[in-house]
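Chains as they are written, first to last, in this note's numbering: chain E, -9 to 464; chain W, 386 to 605.
Spelled out as structure tokens, the structure:
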């Protein structure tokens, strides 16, 4: 009983396999076609750009100067077209690889530096002076393109990519197209001309038909491999880290960025320590000394003047309460208690309750970020809420805290009149510096008269520091 | 009166034990950690618990969590929470079940032994003892809008003391006015806030706080 079912099951599977094979083959064929078209387009454009000055030269031998200018323009235009097309073609190739295989090939062009103006009003490019800014900028652009290994790699890819598409995709397409064409031809002859069928050797005919179908099958089978090979090659040719050249530049950039943010972090920390030292020295410490002195006096007065001693005692108690208050404020400035106890979400909620403005808080954090990240975000939100209360003239503030795909995003929106005034600037820069230590960024969307949205975004992982206890489950 | 005490700092724990014993309380248990506290509360079922918010092992808000969790199992278990700092957030969580017998004070208040002991007794009796700091902040964040604006300065003073859990005579003593004047102010406050007048001291405080909480939720 089970025998037939398995055979039909096997047959169905085989049919399904065949269907999948044909479908994959046809998809790959289409991709091959796309590759060939893409690859052919660049050289074709270049051919016409190159043709213009050559034609002009031919005609110019009779017409003189005017056509010489065209030649000169062509001499400039051709390499420019090479680089431009190279970049376009490389980008297109990257996009295709990402769309087909989901692999992102990183792009790392060196940005063109901005020209700097000296005191005489000339524009300095780092190599030469120009009287006009546009000239300086053009020079910098040309330099950055010519000096960028990524650009040269693009141009090489323009040539090599065309070759790759030709070598890999064209045979697959030809195999399928020729095989299919021949098979259709044979079938037509069989159907139309039964005399040929009767006259010809049926075995030879079948062999021919089999060969045609084998060619089609080979085309379909090879096409996916060709597409994959092409993608591999594209990745090897365009990925700077694989190619080796650009990765150093990228590393240099990263090191520079890290040096900056580290210097900021160290500087901030030193300033913070100085502030704490000063606060302790001028505040709690001084008060405790005063309390000690008062207690000494009380000891002295206890027998001779009890009422005065009692008055001093109450003073000493008030002093100790004030010292405690100051210590509390200090602790709040270093590491807010609710943040330590409950984490970012509740700390911001507590902040919102104490804020002068009505604040709506929405938190979506499955776990807690690392303590330094929590603190940085908390103090940033603190500053933003204070800003909103002081400067924005808003009636309502919304805070959203969200963690998704390894990124913590906090948006603080108010319905105030927008546009930061200069006093807000330094605070925002401070937040930027604070977040920079964690590779975080700050985005401000504040139009005149409109609402202000400030977004903080930083990469971070979540983890739960709270050990599960018996009553946590109860 | 039997007390369960939870405080992880040795000096403060010993000081509190001495203070409470000197005022005639019996220490049923003095514990250091959150899990121990929960167990002690459930086994001893004390007349009142004095609890530090931050307790080992996590040194986060274990004390508060243990107290809340014990109150879920023993409704109305009187708990006085002590903290190095007071937070509206925690106060609202403690008041959320609305069954009274709740106190939330700054640790500094222990300095004033009489007021502290008074607060312990009030909580043990099912009343409320809220730190003036919390009340001030609650009132502050509600003063911008809502019916609180209609109160006169004197009425707000009375409201603050009432929210702390003071009785009419205690308010009269603190503000140096007659009991009758306090009663009149309170009647006015109840009218202006739209609260039904009630004689029971505990219900009165809870009504005020619930009202404050309610308006606070609306305004954020």
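We put the CB at the ideal spot given by N, CA and C, even for glycine.
Check for me: the alpha helix (DSSP H) holding residue i runs from which residue to which?
i	result
residue 538 of chain W	538 to 549
residue 399 of chain E	Here residue 399 of chain E belongs to no alpha helix (DSSP H); instead the beta strand (DSSP E) covers 397 to 404.
residue 334 of chain E	334 to 344
residue 284 of chain E	274 to 294
residue 125 of chain E	123 to 136
residue 402 of chain W	395 to 407
Below 8 Å CB to CB, which residues in the same chain sit around residue i once its five sequence neighbours on both sides are set aside?
i	result
residue 388 of chain W	405, 410, 411, 412, 413, 431, 432, 433, 434, 435, 505
residue 108 of chain E	114, 119
residue 448 of chain W	391, 419, 422, 436, 437, 438, 439, 440, 466
residue 359 of chain W	What is shown of chain W runs 386 to 605, which leaves residue 359 of chain W out entirely.
residue 450 of chain W	419
residue 519 of chain W	471, 472, 473, 476, 489
Within 10 angstroms of the Cβ of residue i, are there 16 or more other Cβ atoms? Answer buried if so, exposed if not.
i	result
residue 516 of chain W	buried
residue 494 of chain W	buried
residue 339 of chain E	buried
residue 549 of chain W	buried
residue 392 of chain W	buried
residue 468 of chain W	buried
residue 95 of chain E	buried
residue 283 of chain E	exposed
residue 428 of chain W	exposed
residue 481 of chain W	exposed
residue 395 of chain W	exposed
residue 145 of chain E	buried
residue 363 of chain E	buried
residue 497 of chain W	exposed
residue 308 of chain E	exposed
residue 324 of chain E	exposed
residue 371 of chain E	buried
Taking Cβ positions, are residue i and residue j nearer each other than 7 Å?
i	j	result
residue 141 of chain E	residue 132 of chain E	no
residue 469 of chain E	residue 418 of chain W	Chain E is shown only over -9 to 464; residue 469 of chain E falls outside these bounds and no answer can be derived.
residue 577 of chain W	residue 536 of chain W	yes
residue 447 of chain E	residue 399 of chain E	yes
residue 75 of chain E	residue 148 of chain E	yes
residue 357 of chain E	residue 378 of chain E	no
residue 406 of chain E	residue 383 of chain E	yes
residue 281 of chain E	residue 302 of chain E	no
residue 419 of chain E	residue 254 of chain E	no
residue 432 of chain E	residue 368 of chain E	no
residue 32 of chain E	residue 68 of chain E	no
residue 29 of chain E	residue 200 of chain E	no
residue 154 of chain E	residue 223 of chain E	yes
Just curious, the beta strand (DSSP E) that residue i is in, first and last residue?
i	result
residue 447 of chain E	442 to 449
residue 393 of chain E	387 to 394
residue 387 of chain W	387 to 391
residue 562 of chain W	Segment: none, residue 562 of chain W is in no beta strand (DSSP E) and carries neither H nor E.
residue 438 of chain W	First-last for residue 438 of chain W: undefined, no H or E at that position.
residue 436 of chain E	431 to 436
CB-CB under 6 Å to residue i, same chain, minus the five flanking residues each way: which ones, in chain order?
i	result
residue 233 of chain E	With a pLDDT of only 49 at residue 233 of chain E, under 50, the local geometry of the prediction cannot be trusted, and the value read off the model is given with reservation. Answer for residue 233 of chain E: no residue qualifies.
residue 162 of chain E	22, 209, 212, 213, 216
residue 64 of chain E	42, 43
residue 463 of chain E	A caution first: residue 463 of chain E carries a pLDDT of 34, below 50, which makes its placement in the model unreliable, though a value can still be read off. Within the same chain, residue 463 of chain E has no close Cβ partners at all.
residue 10 of chain E	none
residue 103 of chain E	130
residue 403 of chain W	none
residue 165 of chain E	205, 208, 209
residue 390 of chain E	352, 401
residue 342 of chain E	349, 351
residue 463 of chain W	433, 486, 508, 509
residue 251 of chain E	426, 427
Within the same chain, show all residues whose beta-carbon is closer than 7 Å to that of residue i, passing over the 5 residues directly before and after it, in chain order.
i	result
residue 449 of chain E	396, 397, 429
residue 602 of chain W	Residue placement at residue 602 of chain W is flagged as unreliable, the pLDDT there being 44, under the threshold of 50; the coordinate-derived value follows with that caveat. None.
residue 278 of chain E	313
residue 160 of chain E	26
residue 105 of chain E	113, 114, 115, 123, 126, 127, 130
residue 443 of chain E	401, 403, 435
residue 4 of chain E	none
residue 451 of chain E	396
Just checking residue i against the ligand NAD - is the residue's beta carbon closer than 6 Å to any of the ligand's heavy atoms?
i	result
residue 311 of chain E	As presented, the structure is devoid of all ligands, the ligand NAD included, so that no description of it is given.
Next on the checklist: Extract the residue ranges of the beta strand (DSSP E) inside the segment 461 to 546 of chain W, only unbroken runs of 3 or more that lie entirely within it.
Outcome noted: Runs found: 464 to 468, 487 to 491, 513 to 515.
Next on the checklist: In chain order, what are the residue ranges of uninterrupted alpha helix (DSSP H) at least 4 long that sit wholly in the segment 54 to 114 of chain E?
Outcome noted: Correct list: 55 to 91.
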